[in-house]
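Asks: Just so we're aligned, residue 568 is where the sequence shown starts under my numbering, counting upward by one.
All residues carry an ideal CB built from backbone N, CA and C; glycine is no exception.
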Amino acid sequence: MAPISIRSVLISESVDPRCRTILEENGIRVSERHNMRNDELIAEIKDYDGLVVRSATKVTADIINAANNLKIIGRAGTGVDNVDVDAATKKGIIVMNTPSGNTISAAELTCALLMSLSRQDESCPHELLSLCSVFWFFMGAELFGKVLGIVGLGRIGKEVASRMQSFGMKTIGYDPITPPEVSASWGVEQMALEQLWPQCDYITVHTPLMPSTVGLLNDETFAKCKKGVKVVNCARGGIIDEAALLRALESGQCGGAGLDVFVEEPPKDHALVDHPNVISCPHLGASTKEAQARCGEDIAKQIVDMIKGKNLFGAVNAQVLASTFSLESHKLIKLAEAVGAVLQSCTAKQEYSQIQVNTEGDCMKSSTGYMTSAVLVGLLNGEFGCCPNLINALSLAKESGIMVQRFHLSDGVCRVEVVTNTCTVKATGAVQGGVPVLLELDDSVFRQPVSLTGNLLFFKAPASPQLLSSVAGLLAAEGAEIECFSAPSDHTEDRWYCVGVSSLLPDLGALKPLAKEAAQLTI
């Protein structure tokens, strides 16, 4: 990936001072304006290339659409549910978090809540009042030998497992991404949720908040659990259905809950907070000095590494960029964008319905993803209100109803086929000597590969001994000179030719006496 230029960053919340220091040490101008209203942020953001937030700033679509220069939104923390990631992706803006910054702090709070729940009858405030009484009769339970179900086996889930295993708990879990053999290596047996619910004495959730996890623990799942199961949520409010949790607490199906997060924060309905079997915290999972220092420092370092072209870490919507930091990938991206641009010029003002990208050869084996996006950048440039880039190209194509297919074969070239409402056009390109070149356009195989740079004029015409001189004369009459010429190897039918010219023609109609079709572009 070519380095992204980030010259100015707005920090809209209190983050560790090291964040600002690191950014400024690397030549980035930093402004800090905390607690801005939504309209204030909309007015302010237009002047910045980057935005750094924690969890209080809600980066809505309105803010994103007002940010004409914004290239990155950095979340100093794990969750990004306060950022409209879809709107950012559509506009080609990277959304980045610090996935490991608050891992230890969140895991430690989870463990503290689990331990508190086990001794809840001994530690709740109203029981502490009995210290002044003659009646000391409250009873807790050991964690030893109990079963802990961990839903979400990422960084935090793993740390929770290792700590609670020290108490002699059996740890089981579920995660749709982490392979079972990986979690087994750190002592967690994976199983389906339907198998997990009935076995657990305690359940803790460590998943992002998304449609598939909203209300993950609900009336139906509580009914499948052991009577008296205790639950902890230090992830995101809404993963546990709060109304269902209250009903389970009232019925005794749930024996206690430790909650650090709520659907509404702070909660206006205190039914859960005031329940005697609930231990509540005001979203403290990442609220340690160490976690905040780590998150602030991490987000600054990640931004700096990205703009220096070193690597990309923590990007939640731009995984396609992860493999684009080598010199070879830069060449392949230029090739794919150029091929897309050639096909756009040859299919001007036609609607695309399908695009197929074949990357071929070992040199392109791991590049199919970003080369497909790069082809779309060249093909769709100027077609939408915002400029397509590697981040938003696929989503723009999907939004426009274009079916995108990609394959990898073994020949060492990139083949692209575009289907429009009236025709199908194909192109084949490669990188030769470090330069992107066009080898074929439709059925025309060029004897001399076309260097994809500069002003290029393509035209389709029957073979003729006088063709080159006729084209040269016509171009001269328009004030343009031929800089290079590529002819097809087959002269039996109408074929595509390519001319490198000193300047583009003001009107392609000048070629009508010679050519049946014509297209031109600058790369």
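Do you know how far the Cα of D872 is from the Cα of S752?
Replies: Within the sequence shown, numbered from 1, the residue matching residue 752 stands at position 185. Within the sequence shown, numbered from 1, the residue matching residue 872 stands at position 305. Approximately 32 Å, taken between the alpha carbons.
Asks: I need the DSSP call for M736, collapsed to helix, strand or coil.
Replies: Locating residue 736 in the sequence shown gives position 169, where the first residue counts as 1. M736: coil per DSSP, three-state reduction.
Asks: Exposed or buried, which one is S572 when buried takes at least 16 other CB atoms within 10 Å?
Replies: Translated into the one-based positions of the sequence shown, residue 572 becomes position 5. Its Cβ having fewer than 16 others within 10 Å, S572 is exposed.
Asks: Is it the case that the region 894 to 908 contacts the region 1068 to 1083, given that we only count it when at least three CB pairs across the two stretches are under 8 Å?
Replies: Contact fails: fewer than three Cβ-Cβ distances are below 8 Å.
Asks: Alpha helix (DSSP H) containing R814: first to last residue?
Replies: On the sequence shown, position 247 is the one that residue 814 refers to. Note, R814: alpha helix (DSSP H), E809 to S818.
Asks: Write down every uninterrupted run of the alpha helix (DSSP H) in the region 1020 to 1071 whose length is 4 residues or greater and which is fully enclosed by it, in chain order.
Replies: Qualifying alpha helix (DSSP H) stretches, in chain order: 1034 to 1044.
Asks: Looking at C-alpha atoms only, which residue of K932, A964 and P955 is the closest neighbour of I660?
Replies: On the sequence shown, residue 660 is found 93 positions in, with the first residue counted as 1. The option with the nearest alpha carbon to I660 is P955.
Asks: Distance, Cα to Cα, L976 vs C767?
Replies: For the purposes of this step, residue 976 is taken as the residue at position 409 of the sequence shown. For the purposes of this step, residue 767 is taken as the residue at position 200 of the sequence shown. If I take the Cα positions, the gap works out to 48 Å.
Asks: Just list the residues that DSSP pairs C981 with in beta bridges.
Replies: To locate residue 981, count along the sequence shown from 1; it is residue 414. C981 pairs with T926 and G996.
Asks: Have a look at V1068 and A908 and give me their C-alpha separation to the nearest angstrom.
Replies: Numbered from 1 along the sequence shown, position 501 holds the residue referred to as residue 1068. Numbered from 1 along the sequence shown, position 341 holds the residue referred to as residue 908. Roughly 17 Å between the two C-alpha positions.
Asks: When the Cα atoms are used, what is the spatial distance from L910 to K1027?
Replies: Indexing the sequence shown from 1 puts residue 910 at position 343. Indexing the sequence shown from 1 puts residue 1027 at position 460. Straight-line Cα distance between these residues: approximately 14 Å.
Asks: Rank L902, K965 and F1025 by C-alpha distance to the C-alpha of V1002 and give the top, closest one.
Replies: Here residue 1002 is taken as the residue at index 435 of the sequence shown, counted from 1. Nearest of L902, K965 and F1025 to V1002, Cα basis: L902.
Asks: Just how far apart, CA to CA, sit R574 and S1056?
Replies: Taking the first residue of the sequence shown as position 1, residue 574 is located at position 7. Taking the first residue of the sequence shown as position 1, residue 1056 is located at position 489. Computed Cα separation, rounded: 49 Å.
Asks: Which value, in whole angstroms, describes the spacing of the CA atoms of S672 and L784?
Replies: Taking the sequence shown and counting its residues from 1, one reaches residue 672 at position 105. Taking the sequence shown and counting its residues from 1, one reaches residue 784 at position 217. Cα to Cα, the separation comes out at about 24 Å.
Asks: Determine contact between the region 768 to 788 and the region 802 to 809, defined as no fewer than three beta-carbon pairs at a distance below 8 Å.
Replies: Contact between the region 768 to 788 and the region 802 to 809 is present, because at least three Cβ pairs lie under 8 Å.
Asks: Using the C-alpha atoms, what's the distance from T645 back to L1071?
Replies: Residue numbering aside, residue 1071 sits at position 504 when the sequence shown is read from its first letter. Residue numbering aside, residue 645 sits at position 78 when the sequence shown is read from its first letter. Approximately 50 Å between the Cα atoms of the pair.
Asks: Could you please give me the residues that DSSP links to L1088 through a beta bridge?
Replies: The count along the sequence shown starts at 1 and reaches residue 1088 at position 521. According to DSSP, L1088 bridges with L1023.
Asks: Could you compute how far the alpha carbon of T738 sits from the alpha carbon of S912?
Replies: Walking along the sequence shown from the start, residue 738 turns up at place 171. Walking along the sequence shown from the start, residue 912 turns up at place 345. Their backbone Cα atoms lie some 59 Å apart in a straight line.
Asks: CB T656 to CB S940, shorter than 8 Å?
Replies: Within the sequence shown, the letter at position 89 stands for residue 656. Within the sequence shown, the letter at position 373 stands for residue 940. Result no, Cβ atoms of T656 and S940 do not sit closer than 8 Å.
Asks: Between the C-alpha atoms of D616 and I922, what's the straight-line distance to the nearest angstrom?
Replies: Your numbering for residue 616 matches position 49 in the sequence shown. Your numbering for residue 922 matches position 355 in the sequence shown. So the alpha carbons of these two residues sit roughly 32 Å apart.
Asks: Measuring CB to CB, does I578 end up less than 8 Å from L680?
Replies: Position 11 of the sequence shown, counting from 1, holds the residue named residue 578. Position 113 of the sequence shown, counting from 1, holds the residue named residue 680. Contact flag unset, no.
Asks: Buried or exposed for P1016, going by 16 or more other Cβ atoms inside 10 Å?
Replies: Here the question's residue 1016 lines up with position 449 in the sequence shown. It is buried - the Cβ of P1016 has at least 16 other Cβ atoms within 10 Å.
Asks: If you run the structure through DSSP and keep just helix, strand and coil, what is N884?
Replies: For the purposes of this step, residue 884 is taken as residue 317 along the sequence shown, with counting starting at 1. Three-state result, N884: coil.
Asks: Pick from Y919, L1041 and F1025: whose alpha carbon is nearest that of N988?
Replies: As a working mapping, residue 988 is identified with position 421 in the sequence shown. If we check each option's Cα against that of N988, Y919 comes out closest.
Asks: Look at V619 and I866 and say whether their C-beta atoms are less than 8 Å apart.
Replies: Position 52 of the sequence shown, counting from 1, holds the residue named residue 619. Position 299 of the sequence shown, counting from 1, holds the residue named residue 866. Cβ atoms of V619 and I866: closer than 8 Å.
Asks: What number of angstroms, rounded off, separates the C-alpha of T891 from the C-alpha of Y937?
Replies: Translated into positions along the sequence shown, residue 891 becomes position 324. Translated into positions along the sequence shown, residue 937 becomes position 370. T891 and Y937: Cα-Cα distance of roughly 8 Å.
Asks: Determine the direct distance from the alpha carbon of A915 to that of K638, and round the result to whole angstroms.
Replies: Position 71 of the sequence shown, counted from the start, is the residue given in the question as residue 638. Position 348 of the sequence shown, counted from the start, is the residue given in the question as residue 915. Each residue's alpha carbon lies about 29 Å from the other.
Asks: Which residues does DSSP list as the beta-bridge partners of Y741?
Replies: In the sequence shown, counting from the first residue as 1, residue 741 sits at position 174. For Y741, which the question treats as bridged, DSSP gives the partners V718.
Asks: Out of K797, N605, D808 and V944, point me to the one whose CA is closest to S779's CA.
Replies: Within the sequence shown, residue 779 is the residue found at index 212, counting from 1. Among K797, N605, D808 and V944, the Cα nearest to that of S779 belongs to D808.
Asks: So F974 is in the beta strand (DSSP E); what residue range does that whole segment cover?
Replies: Residue mapping note: residue 974 aligns to position 407 of the sequence shown, counting from 1. From DSSP, the beta strand (DSSP E) with F974 extends over M970 to L976.
Asks: Short of 6 Å in beta carbon distance, which residues of its chain neighbour V1091, apart from the five on each side in sequence? Order them along the chain.
Replies: No information on residue 1091 is available, as it lies outside the stretch 568 to 1090 that the chain covers here.
Asks: Put K713 into one of helix, strand or coil per three-state DSSP.
Replies: Start at 1 with the first residue of the sequence shown, and residue 713 comes out as number 146. Reduced to three states, the DSSP call for K713 is coil.
Asks: So V619 is in the beta strand (DSSP E); what residue range does that whole segment cover?
Replies: The residue given as residue 619 occupies position 52 in the sequence shown. Its beta strand (DSSP E) spans residues G617 to V620.
Asks: Measure the C-alpha to C-alpha separation of E599 and E580 and round it to an integer number of angstroms.
Replies: Start at 1 with the first residue of the sequence shown, and residue 599 comes out as number 32. Start at 1 with the first residue of the sequence shown, and residue 580 comes out as number 13. So the alpha carbons of these two residues sit roughly 8 Å apart.
Asks: Buried or exposed: where does E787 fall if 16 or more other Cβ atoms within 10 Å of its Cβ makes it buried?
Replies: As a first step, residue 787 must be located in the sequence shown, where it is residue number 220. Exposed, by the Cβ-count rule.
Asks: Return helix, strand or coil for L1005, following the three-state DSSP convention.
Replies: Residue mapping note: residue 1005 aligns to position 438 of the sequence shown, counting from 1. Of the three classes helix, strand and coil, the one that applies to L1005 here is strand, per DSSP.
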